[in-house]
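Student:
In this note's numbering, the protein residues as written are 181 to 309.
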């Protein structure tokens with residue numbers, strides 16, 4: 181079966197070229213839109229690597245700077261803690277230091293951070309990783 185040579189901007193009888201303000205049927209011609217569309221003044225060559233539709237707006241997780249939400253009275257540490265656990269992360273915020281568990285994907289309370297500091301080998305969440 182032969183692939184038809186149709187302009188990518190030709191949709192249901194309308195030209196949807198990005199050059200036009202809105203889709204219109206006043207500039208369409210079956211000879212041009214379904215054949216030699218590259219000569220049309222409304223045709224804009226697309227990059228092969230360019231994304232189409234909503235894919236243009238998809239952001240990779242690594243590009244997003246995540247805001248950490250927490251409660252000051254139960255999450256901010258009085259003193260800096262450290263843990264041997266590789267999933268423990270100490271995060272400096274404007275309000276102070278908070279402990280973050282990478283397995284749980286959330287901020288730890290003060291008491292959980294102290295337990296992670298002292299009893300990290302017995303932590304049940306490490307088995308989930």
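Built from N, CA and C at the ideal position, the CB exists for glycine as well. Since the structure is predicted, the reported quantities are computational estimates derived from the model, not experimental observations.
For the alpha helix (DSSP H) holding residue 309, just list the boundary residues, first then last.
Tutor: Where residue 309 is concerned, there is no enclosing alpha helix (DSSP H), given that its DSSP letter is neither H nor E.
Student: If you draw a straight line from the C-alpha of residue 185 to the C-alpha of residue 215, how long is it?
Tutor: 5 Å
Student: Is DSSP giving residue 191 helix, strand or coil here?
Tutor: Under the three-state reduction of DSSP output, residue 191 falls in the strand class.
Student: So residue 257 packs on residue 225, CB below 8 Å; how close in whole Å?
Tutor: Actually they do not touch by this definition, with Cβ atoms about 57 Å apart.
Student: Less than 6 Å between C-beta atoms, sequence neighbours within five positions excluded: which residues of the same chain meet that for residue 260?
Tutor: 277
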